[in-house]
Amino acid sequence: MGTLLIAYRNHADQAVFSGGAWTAELPAANLADRQPSRVARTLTSTPDDTVADLDFGGARPVRFVALVRHNLTQAGRWRLRLAADPAFAEPIHDSGWTAIWPAVTPFGVGVWGEFHWGGRLSAEEAATYGIAAIHVLPVPAIARYLRLELADPGHPDGYLQAGRLVAGPAWQPRVNLQYGWSIEQVDDSRTVRSRGGQSYVDVQPKFRRLRFAFDYLERDEVFGQAYELERLKGVGGDLMVMVDPDDLQHRHRHTVYGVLAETAPIANPTPGRFAKTFTVDELL
174 MGTLLIAYRN HADQAVFSGG AWTAELPAAN LADRQPSRVA RTLTSTPDDT
224 VADLDFGGAR PVRFVALVRH NLTQAGRWRL RLAADPAFAE PIHDSGWTAI
274 WPAVTPFGVG VWGEFHWGGR LSAEEAATYG IAAIHVLPVP AIARYLRLEL
324 ADPGHPDGYL QAGRLVAGPA WQPRVNLQYG WSIEQVDDSR TVRSRGGQSY
374 VDVQPKFRRL RFAFDYLERD EVFGQAYELE RLKGVGGDLM VMVDPDDLQH
424 RHRHTVYGVL AETAPIANPT PGRFAKTFTV DELL
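Following this note's numbering, the numbering of the sequence shown begins with 174 at its first residue and continues without gaps.
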């Protein structure tokens, strides 16, 4: 199992967006909005239009990039470049063109008779997750500029869109989360039964709730990361949590983009070791 990863500092929030061709009503700057339902949309699906350049305003550390709730098809691809210059003549990091959808079923594995194209999620299932594309750099890159390129020229909608861009550093604790972490589907739908016995449901959107805890954080880590996370974000700021970055088959199920559902104290149960719990509610 890989070590849990949390991205809570997002340089896209203060970035200046340029490049590509985006609609006036849904500009690329919407990618800096914490609500993924407020999408950014390109004018067409041609490659020249489906580009966005970000200027962070200064050199910033970037290890994690995610594009949340995009509409690219299974044939869609993306490329990320980080650079110190706006021309990207000498990129500090270049992801190359990669499939934007996660591969969740290894070749030859799965239910007999059930076909997942390229081992990837079906479009129907992906729609229920608000699919996110994720790229984790092996080491942080210090860069001022980010270029996001999308490619899905035959898209049936004739445009590409996404709800949120996350680009920044990532925290992976030295000691992983404790066993006992949980994830659940929260359904706030209300059921009313009539006098005649019929059941009526006021259906509400379901969201995921992730709970996890650390029991062995060191002093510098708990105050430099966990304390700062809660101080900066409170219960209104967004963050992204990957329970197991190495679990490619189920990563989309236990990776949550959301907000803290509550604040919780930092505890010091033993000398030199600190404990902290987190509860994250998904943003839709």
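Glycine included, each C-beta is placed from N, C-alpha and C at the ideal position.
Taking a contact to require three or more Cβ pairs closer than 8 Å, the region 226-241 and the region 356-363 do not qualify as touching. With a beta-carbon spacing of about 17 Å, Asn203 and Asp330 fall beyond the 8 Å limit used to define contacts. DSSP places Thr301 outside any beta strand (DSSP E); the residue lies instead in the alpha helix (DSSP H), whose first and last residues are 296-302. Within the same chain, Tyr389 come within 6 Å of Arg446 by CB-CB distance, once the 5 residues on both sides are set aside.
With contacts defined as CB atoms closer than 9 Å, Leu402 and Tyr181 qualify as a contacting pair.
Of the candidates Phe396, Arg320, Asp417, Tyr352, the residue whose Cα lies closest to the Cα of Ile265 is Arg320. Given a length threshold of 3 residues, each whole run of the beta strand (DSSP E) inside the region 222-275 is given here in chain order: 224-241, 250-256. With a beta-carbon spacing of about 21 Å, Val235 and Ala324 fall beyond the 8 Å limit used to define contacts.
The beta carbons of Gly175 and Thr223 sit no closer together than 9 Å. Remark: fewer than three beta-carbon pairs, one from each stretch, lie closer than 8 Å, so the region 206-219 and the region 371-381 are not flagged as touching. Just measuring C-alpha positions, the residue of Ala316, Thr246, Ser295 sitting nearest Ala185 is Ala316. The alpha helix (DSSP H) runs lying completely inside the region 364-431 and spanning 4 residues or more are 400-406, 424-427, given in chain order. Burial of Asn183 is indicated by the presence of at least 16 other C-beta atoms within 10 angstroms of its C-beta.
Under the DSSP assignment, Ile179 falls in the beta strand (DSSP E) whose first and last residues are 178-180. Looking at the DSSP output, Arg337 sits in a beta bridge with Val241. By alpha-carbon distance to Tyr400, the top candidate from Ala256, Pro326, Ile439 is Ile439. With contacts defined as CB atoms closer than 9 Å, Leu433 and Gly410 qualify as a contacting pair. A straight line joining the alpha-carbon of Arg404 with that of Arg252 spans about 33 Å. In the DSSP secondary-structure assignment, Ile315 is bridged to Pro234.
Residue burial annotation: His423 is exposed, with fewer than 16 other C-beta atoms found within 10 angstroms of its C-beta. By the criterion of a C-beta distance shorter than 8 Å, Glu263 is surrounded in its chain by Ala256, Ala257, once the five residues flanking it on both sides are discounted. Ala306 is a Cβ neighbour of Leu240, given a cutoff of 9 Å.
The C-alpha of Tyr352 lies about 42 Å from the C-alpha of Pro200. In the assembly as shown, Gln187 is an exposed residue. Its beta-carbon has fewer than 16 other beta-carbons within 10 Å.
Around the Cβ of Thr428, a 10 Å sphere holds 16 or more other Cβ atoms; the residue is buried. Between Val376 and Leu310, the alpha-carbon positions lie close to 40 Å from each other. Closest by C-alpha distance to Glu298, out of Arg426, Thr219, Ala225, is Arg426. Proximity to His308 across Ala300, Pro378, Thr271, Val277 peaks at Thr271, based on C-alpha coordinates. In this structure, DSSP gives Asp454 an extended state, which the three-state scheme calls strand.
Annotation for Thr443: the continuous beta strand (DSSP E) segment containing it runs 440-443. Listed as beta-bridge partners of Val359 by DSSP are Phe380.
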